[in-house]
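Numbering (our numbering), first residue to last: 3 to 399. A virtual CB, placed ideally from N, CA and C, is assigned to each residue, including glycine. Bear in mind the structure is a predicted one, so any value in this text is a computation, not a measurement.
Set out below in structure tokens:
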């Protein structure tokens, strides 16, 4: 104002990044206090200010950060106004493709980077689009925000079983229904699922398909937005489960399953259960779904070679985890889990799981895809102990 004689507009981008980093490094309250002071000094009762535009991943709750500021208008991904400015519209992407003349089609771009929707606006990730076109149209995961990924991975590791089960459904391409909030208090993300799902949405890891108010709460149908984010999720989950062990060990584990080396697979699983104790409280009261998510997370590394399905209805029931090979000359893999409350019945429960695969005709999943060989594995868990039995099967046409 002193220089040009006009009241300026203040632009503040990624205002919540320092707060997110502070939360990860455990000095959240101090950073909120600092940011509250900075924003208050700059924006509160400033007669020389025309307006301020503050952008970030999520709205940190007004009580913790924006207290004292007046006339605040908030526009999030849950509101349609200004929705077209949260990313590239399809019209803008088509213009960019026309100008750059890159050898990539709009259908491929859609599969990888489309999926975000705010009201009537369908949006693309700007960072990914720019990088894709700058790399001669090469389709890959460009949007890898290290700090965000670290936070998401950290939160999912410590999430409650009900959250991990919902996350498992998302990995299978399913749509789930969750309560969301437009405000966020970082300490809540560990104990309130609503806060975690909201953070995932605002950070770009989810898309909203529909929304409605129920009992004064905003309930939304959410899903993974596109192939790029699906790949980021896969890496997070793969790192999540393989972190306690070496990369070489995890690669050997993945190969042992793909190659049908069940005895080696058993050794790795038993070892991982022990080593993953910091992420999973494995005990006699651990519900089956926790082991389900544990195994599903371990096999994510095979997504490039298999269509991995969970609890998909087939035959006369739902198979816990099915790996349908993309190359039908390879064997399909079916996994069924049981929980035992004592070690004496562990083997019996594993046999029961294997029997269920056969009696409920889960092999039909592979047969329908033209897969002729099937490896069926029944697993039973009791705390940190595991037993498995298996059989090689042939489908007939």
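Cβ shell of residue 272 (< 6 Å), same chain only, five flanking positions each side left out: For the purposes of this step, residue 272 is taken as residue 270 along the chain shown, with counting starting at 1. Cβ neighbours of residue 272 beyond the five flanking positions: 388.
In chain order, what residues of the same chain have a beta carbon less than 6 Å from the beta carbon of residue 280, not counting five sequence neighbours either side? Residue mapping note: residue 280 aligns to position 278 of the chain shown, counting from 1. Reliability fails at residue 280, whose pLDDT of 49 lies under 50, so the model's placement of it is uncertain and no value is given.
Look at the Cβ atom of residue 367, then the Cβ atom of residue 333, and state whether they are nearer than 8 Å. Walking along the chain shown from the start, residue 367 turns up at place 365. Walking along the chain shown from the start, residue 333 turns up at place 331. Residue 367 is not a Cβ neighbour of residue 333, given a cutoff of 8 Å.
Could you name the residues that DSSP lists as bridge partners for residue 381? Position 379 of the chain shown, counted from the start, is the residue given in the question as residue 381. By DSSP's assignment, residue 381 forms a beta bridge with 339, 390.
Entirely enclosed beta strand (DSSP E) segments - the stretch 186-232, minimum 3 residues: Taking 3 residues as the shortest admissible run, the stretch 186-232 contains the following complete beta strand (DSSP E) segments, listed from N- to C-terminal end: 209-216, 219-225.
Okay, do the stretch 222-229 and the stretch 112-124 touch, 3+ Cβ pairs below 8 Å being the bar? Enough Cβ pairs lie closer than 8 Å, so yes.
Keeping to the same chain, check which residues put their C-beta closer than 7 Å to that of residue 140; ignore five residues upstream and five downstream. Counted from its first residue, the chain shown places residue 140 at position 138. So the list reads 134, once near-sequence residues are dropped.
Alpha carbons only, please: which of 382, 205, 217, 364 is nearest the one belonging to residue 395? For the purposes of this step, residue 395 is taken as the residue at position 393 of the chain shown. It is 364.
Tell me the rounded alpha-carbon separation between residue 359 and residue 378. As a working note, residue 359 is residue 357 in the chain shown. As a working note, residue 378 is residue 376 in the chain shown. In this model, residue 359 and residue 378 are separated by some 7 Å (Cα to Cα).
Given that a residue counts as buried once 16 or more other Cβ atoms are within 10 Å of its Cβ, and exposed if not, what is residue 75? Numbered from its first residue, the chain shown carries residue 75 at position 73. It is exposed - the Cβ of residue 75 has fewer than 16 other Cβ atoms within 10 Å.
List in chain order: all unbroken alpha helix (DSSP H) runs of 4+ residues lying wholly within the stretch 93-153. Correct list: 108-115, 128-136.
Whole-angstrom C-beta distance between residue 352 and residue 380, which should lie under 8 Å: What you label residue 380 is simply residue 378 of the chain shown in a count that begins at 1. What you label residue 352 is simply residue 350 of the chain shown in a count that begins at 1. Their Cβ separation, rounded to whole angstroms, is 5 Å, which keeps residue 380 and residue 352 in contact under 8 Å.
List the whole-angstrom C-beta distance separating residue 301 from residue 336, where the pair is believed to meet the contact cut-off of C-beta under 8 Å. Numbered from its first residue, the chain shown carries residue 301 at position 299. Numbered from its first residue, the chain shown carries residue 336 at position 334. Between residue 336 and residue 301 the Cβ distance is about 12 Å, and since that is not below 8 Å, they are no contact.
Supposed contact pair residue 189 and residue 87 - C-beta distance, whole angstroms, cut 8 Å: Position 85 of the chain shown, counting from 1, holds the residue named residue 87. Position 187 of the chain shown, counting from 1, holds the residue named residue 189. That belief does not hold up - the Cβ atoms of residue 87 and residue 189 are roughly 30 Å apart, past 8 Å.
Coarse secondary structure for residue 280, derived from DSSP in three states: Numbered from its first residue, the chain shown carries residue 280 at position 278. The predicted model places residue 280 with a pLDDT of 49, which falls under 50 and marks its position as unreliable; any figure quoted below should be read in that light. Of the three classes helix, strand and coil, the one that applies to residue 280 here is coil, per DSSP.
With residue 181 as the anchor, note down where its beta strand (DSSP E) starts and where it stops. As a first step, residue 181 must be located in the chain shown, where it is residue number 179. Membership of residue 181 in the beta strand (DSSP E) is indicated by the continuous run 178-182.
On the premise that residue 60 lies in contact with residue 201, defined as a C-beta separation below 8 Å, what is that separation, rounded to the nearest angstrom? The residue you call residue 201 lines up with position 199 of the chain shown. The residue you call residue 60 lines up with position 58 of the chain shown. Yes, they are in contact, since the Cβ atoms of residue 201 and residue 60 sit about 6 Å apart, within 8 Å.
When the distance is taken between beta carbons, is residue 322 closer than 8 Å to residue 296? Indexing the chain shown from 1 puts residue 296 at position 294. Indexing the chain shown from 1 puts residue 322 at position 320. It is not a contact, given that the beta carbons lie outside the stated cut-off.
Among 169, 184, 185, 186, the one whose alpha carbon lies nearest that of residue 178: In the chain shown, counting from the first residue as 1, residue 178 sits at position 176. Relative to residue 178, the option among 169, 184, 185, 186 whose CA is nearest is 169.
Collapsed DSSP secondary structure at residue 237 in the structure displayed: For the purposes of this step, residue 237 is taken as the residue at position 235 of the chain shown. If DSSP states are grouped into helix, strand and coil, residue 237 belongs with the helices.
Residues that DSSP places opposite residue 327 in a beta bridge: For the purposes of this step, residue 327 is identified with residue 325 of the chain shown, where counting begins at 1. According to DSSP, which records beta bridges pairwise, residue 327 is partnered with 308.
My guess is that residue 143 and residue 256 are in contact by the Cβ rule of under 8 Å, so how many angstroms apart are they, rounded? Reading the chain shown from its first residue, position 141 is the one you call residue 143. Reading the chain shown from its first residue, position 254 is the one you call residue 256. Contact flag wrong, Cβ pair sits at about 19 Å.
What residue range does the alpha helix (DSSP H) around residue 44 cover? The residue you call residue 44 lines up with position 42 of the chain shown. It spans 30-45 - the alpha helix (DSSP H) in which residue 44 sits, taken as one unbroken run.
I'd like the list of long-range same chain contacts for residue 77, defined as Cβ closer than 7 Å, with 5 residues on each side in sequence excluded. Sequence index remark: in the chain shown, residue 77 carries index 75 (1-based). Beyond the five residues adjoining it in sequence on each side, residue 77 comes within less than 7 Å, by CB distance, of 83, 84 in the same chain, given in chain order.
Return the bridge partner residues of residue 54 from the DSSP annotation. Along the chain shown, one-based indexing puts residue 54 at 52. Looking at the DSSP output, residue 54 bridges to 12.
Name the two residues that bound the continuous alpha helix (DSSP H) containing residue 25. Residue mapping note: residue 25 aligns to position 23 of the chain shown, counting from 1. Counted as a single uninterrupted DSSP element, the alpha helix (DSSP H) harbouring residue 25 occupies residues 19-26.
Exposed or buried, which one is residue 399 when buried takes at least 16 other CB atoms within 10 Å? By 1-based counting over the chain shown, the position of residue 399 is 397. Only weak support is given to the placement of residue 399: the predicted model assigns it a pLDDT of 46, under 50, and the value that follows is read from those uncertain coordinates. Its Cβ having fewer than 16 others within 10 Å, residue 399 is exposed.
How many angstroms separate the CA atom of residue 382 from the CA atom of residue 345? The residue you call residue 382 lines up with position 380 of the chain shown. The residue you call residue 345 lines up with position 343 of the chain shown. Between the alpha carbons of residue 382 and residue 345 lies a distance of about 10 Å.
I'd like the list of long-range same chain contacts for residue 99, defined as Cβ closer than 8 Å, with 5 residues on each side in sequence excluded. In the chain shown, the residue the question calls residue 99 occupies position 97. For residue 99, the CB contacts under 8 Å within the same chain, skipping 5 residues up- and downstream, are 106, 108, 111, 135 in chain order.
What's the C-alpha gap between residue 50 and residue 306? Here residue 50 refers to the residue found at position 48 when the chain shown is read from its first residue. Here residue 306 refers to the residue found at position 304 when the chain shown is read from its first residue. Rounded to whole angstroms, residue 50 to residue 306 spans 57 Å at the Cα level.
Cα-Cα, which of 101, 167, 218, 153 is closest to residue 183? For this step, residue 183 is matched to residue 181 along the chain shown. Measuring C-alpha to C-alpha distances from residue 183 to each of 101, 167, 218, 153 identifies 218 as the nearest.
Enclosing alpha helix (DSSP H) for residue 368 [first to last residue]: Working through the chain shown from its first residue, we reach residue 368 at position 366. Where residue 368 is concerned, the enclosing alpha helix (DSSP H) stretches over 366-369.
Quick check: residue 124 and residue 181, are their CB atoms within less than 8 Å of each other? Here residue 124 corresponds to residue number 122 of the chain shown, with the count starting at 1. Here residue 181 corresponds to residue number 179 of the chain shown, with the count starting at 1. Not closer than 8 Å, so no.
Measuring CA to CA, which of 214, 232, 154 is closest to residue 195? On the chain shown, residue 195 is found 193 positions in, with the first residue counted as 1. The alpha carbon of residue 195 has as its nearest neighbour, out of 214, 232, 154, the alpha carbon of 154.
Could you have a look at residue 292 and say whether DSSP puts it in helix, strand or coil? Reading the chain shown from its first residue, position 290 is the one you call residue 292. Helix, per DSSP.
For residue 175, tell me which candidate among 330, 34, 310 has the shortest Cα-Cα distance. Within the chain shown, the letter at position 173 stands for residue 175. Out of 330, 34, 310, 310 has the C-alpha closest to the C-alpha of residue 175.
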